[in-house]
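Beneath this line is the structure, given in structure tokens, with notes to follow.
In this note's numbering, the protein residues as written are 2 to 69.
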């Protein structure tokens, strides 16, 4: 799972200051969404995560736990 966090963090690091200030969006039902949410929170970037309606409650809760 850590590779999902590293990938999200690496992508966010490449954004300009203006792009970071505008916020970012992710669409995922799995571990990438959790890594993305955690990376956004740790970098102080407003991130919004969209998940499919059928995403299990446990996954949605973990995404929220990490800041998504």
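Positions of the beta carbon are idealized from the N, C-alpha and C atoms, including for glycine.
Item to check | residue 28 versus residue 14 - alpha carbon distance | outcome: Here residue 28 refers to the residue found at position 27 when the chain shown is read from its first residue. Here residue 14 refers to the residue found at position 13 when the chain shown is read from its first residue. Cα to Cα, the separation comes out at about 19 Å.
Item to check | Per-residue DSSP class, three states only, for residue 17 | outcome: The residue you call residue 17 lines up with position 16 of the chain shown. Correct three-state label for residue 17: coil.
Checklist entry - Can you tell which of 31, 39 and 41 has the C-alpha that lies nearest to the C-alpha of residue 52? => result Here residue 52 refers to the residue found at position 51 of the chain shown. Selected option, being the one with the closest Cα: 31.
Next on the checklist: Please report the straight-line C-alpha distance between residue 47 and residue 33, rounded to a whole angstrom.
Outcome noted: Translated into positions along the chain shown, residue 47 becomes position 46. Translated into positions along the chain shown, residue 33 becomes position 32. When rounded, the distance between both Cα atoms is 16 Å.
Next on the checklist: Could you check whether residue 58 and residue 36 sit closer than 7 Å to each other, using their CB atoms as the reference points?
Outcome noted: By one-based count along the chain shown, residue 36 stands at place 35. By one-based count along the chain shown, residue 58 stands at place 57. No, the Cβ-Cβ distance between residue 36 and residue 58 is not below 7 Å.
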